[in-house]
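So the structure is just underneath, and the comments pick up after that.
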Amino acid sequence: MKDRVLIIAEAGVNHNGDMDTAVKLIEAAANSGADFVKFQSFRTEKLVSPNAKKAEYQVRNIADQDDKQFAMLKKLELTKDQHVFLMLECKKLGINFLSTAFDTEGLDYLNQLGTKFFKVPSGEITNYPYLHKLASIGKPVILSTGMANMTEIEEALAILETGIDKNDITVLHCNTEYPTPMVDVNLKAMLNIGKSCAVQVGYSDHTLGIEVPIAAVALGARVIEKHLTLDRNLPGPDHRASLEPSELKDMVSAIRNIELAISGDGKKKPSNSELKNIKIARKSIHTARPLTKGSILCEEDLIPLRPGDGISPMKWTDVVGKKLTNDLPALVKLIPTDFQ
């Protein structure tokens with residue numbers, strides 16, 4: 010994927026614990042043209058304590074009276090058999106499977122499944138045992154940085170680089186609010202991460218709509234991650250900040266177009282497609298009125314008109330003051346033998 014932007018459709022936990030929904034999410038991701046569809050691999054007991062409170066957005070997006078994360082997450086776990094099932098569905102539908110683990114055992118399990126790289130969620134960027142395990146495995150890593158500052162990013166990278174080449178690490182700028190207010194996106198931070206840490210960068214988006222990930226690609230993002238849902242009105246923590254299938258398809262299409270638009274060599278020159286229009290759109294020096302042989306050409310005698318296959322108006326001062334060698338009617342294109 011080094012030659013184009015890698016697009017990850019984040020199904021996450023938007024399957025709501027239902028495998029039929031999960032398969033439909035895979036189908037939607039495949040139909041959109043995304044490169045990967047990503048789920049989440051966790052055991053609730055190893056992710057949250059029984060008293061861990063929900064985030065404000067989780068409370069807002071789930072209409073129940075329970076303010077704890079435990080019960081919410083327990084319903085969203087995927088079993089090992091379900092992981093294998095989803096991987097087979099991805100293969101059948103022609104899209105790559107990916108999942109995010111939240112603990113070291115999950116990393117080991119995904120590694121056993123043959124994952125080609127790992128995606129680190131924002132919440133694990135300060136988890137030393139987790140990062141150390143990734144370094145020991147040594148496979149490429151995509152690191153999300155929601156809620157992090159530059160020092161935390163640099164510390165995480167220092168751990169990962171003990172076992173992973175920096176060229177195999179991509180750092181995603183991210184904001185961990187669902188949905189993210191536009192004023193908090195701060196896309197320039199993505200550029201700052203790339204410059205300060207000398208790493209490839211990307212963007213994990215939680216805004217509403219598709220504009221920001223497209224802008225991120227225009228700025229140089231090499232990986233884009235965006236949540237996918239079948240319906241934003243479904244109950245669950247992440248649906249509100251997700252794209253519906255048609256929107257994801259539009260985003261992927263727009264990103265591929267932006268890739269083409271920024272793929273040039275940067276040298277300003279006529280493109281192959283516009284060469285044919287040069288003579289049509291530009292102008293040549295024409296006579297502005299009937300002129301007689303021997304006349305000395307003045308500016309009032311001349312006019313720039315299309316087509317541009319004659320003497321360029323940039324030669325205007327070279328033509329003014331010349332003597333006509335023959336009579337000319339109005340509105341004819343001058344040629345070099347018309348004057349001396």
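For the sequence shown, our numbering begins at 10 and goes up steadily by one. Quick reminder that beta carbons are idealized off the backbone N, C-alpha and C, glycines included.
Does any heavy atom of the ligand ATP sit closer than 7 Å to the C-beta of I271?
With respect to small molecules bound, the structure shown includes none, and the ligand ATP cannot be examined in it.
Using 8 Å as the threshold, is the C-beta distance between I178 and V210 below it?
No; because the gap between Cβ atoms is not below 8 Å, this pair is not in contact.
Going by CA-CA distance only, name the one from G229, D174 and D347 that's closest to S272.
Minimum Cα distance to S272 is reached at G229.
Do the segment 98 to 115 and the segment 131 to 150 make contact, defined as three or more Cβ pairs closer than 8 Å?
A contact exists between the segment 98 to 115 and the segment 131 to 150.
For the structure I just gave you, are there three or more beta carbon pairs, one from the segment 44 to 56 and one from the segment 98 to 107, closer than 8 Å?
Yes, since at least three Cβ pairs between the segment 44 to 56 and the segment 98 to 107 fall closer than 8 Å, the two stretches touch.
Can you find the residues in the same chain that come closer than 7 Å, C-beta to C-beta, to E308, ignoring five residues on each side of it along the sequence?
Closer than 7 Å at the Cβ level, and outside the excluded window around E308, lie V329.
Below 8 Å on the Cβ atoms is my guess for L237 versus L269; work out the distance and round it to an integer in Å.
Between L237 and L269 the beta-carbon gap is near 24 Å, outside 8 Å, which marks them as no contact.
Under the assumption that S293 contacts L306 (Cβ atoms under 8 Å), give the Cβ distance between them as a whole number of angstroms.
Actually they are not in contact, since the Cβ atoms of S293 and L306 sit about 15 Å apart, beyond 8 Å.
Shortest alpha-carbon distance to V68 belongs to which of S282, R249 and E283?
When each option's Cα is compared against that of V68, the closest is R249.
Count the other C-beta atoms from every protein chain shown that fall within 10 angstroms of the C-beta of G21, then say buried if there are 16 or more, exposed otherwise.
With 16 or more other Cβ atoms within 10 Å, it is buried.
Note down, one range per segment and in chain order, each alpha helix (DSSP H) of at least 4 residues found wholly within the segment 245 to 333.
The segment 245 to 333 contains these whole alpha helix (DSSP H) runs: 254 to 270, 287 to 290 and 325 to 328.
Tell me the DSSP bridge mates of H215?
Beta-bridge pairing by DSSP links H215 to no other residue.
Cα-Cα, which of V232, D73, L166 and N195 is closest to E5?
Here the chain has residues from 10 to 349 only, and residue 5 is not among them.
Residue range of the unbroken beta strand (DSSP E) whose run includes I151:
In the DSSP assignment, I151 falls within the unbroken beta strand (DSSP E) covering V150 to S153.
For E65, list the residues DSSP reports as bridge partners.
Answer is none; E65 lacks a bridge partner.
CB contact flag (G155, N184, <8 Å)
Pairing G155 with N184 gives a Cβ-Cβ distance under 8 Å.
Have a look at the DSSP bridge pairing and note the partners of G21.
G21 is bridged by DSSP to F48.
Where does A157 fall in DSSP's three states?
Looking at A157 - three-state DSSP - the assignment turns out to be coil, as it is neither helix nor strand.
Residues in its own chain within less than 7 Å of C206 by CB, not counting five upstream and five downstream?
Take C206, set aside five residues on each side of it, and the residues of its chain with a beta-carbon closer than 7 Å to its own are I162, E163, L166 and V180, in chain order.
Are the Cβ atoms of E86 and V32 separated by less than 8 Å?
Result no, Cβ atoms of E86 and V32 do not sit closer than 8 Å.
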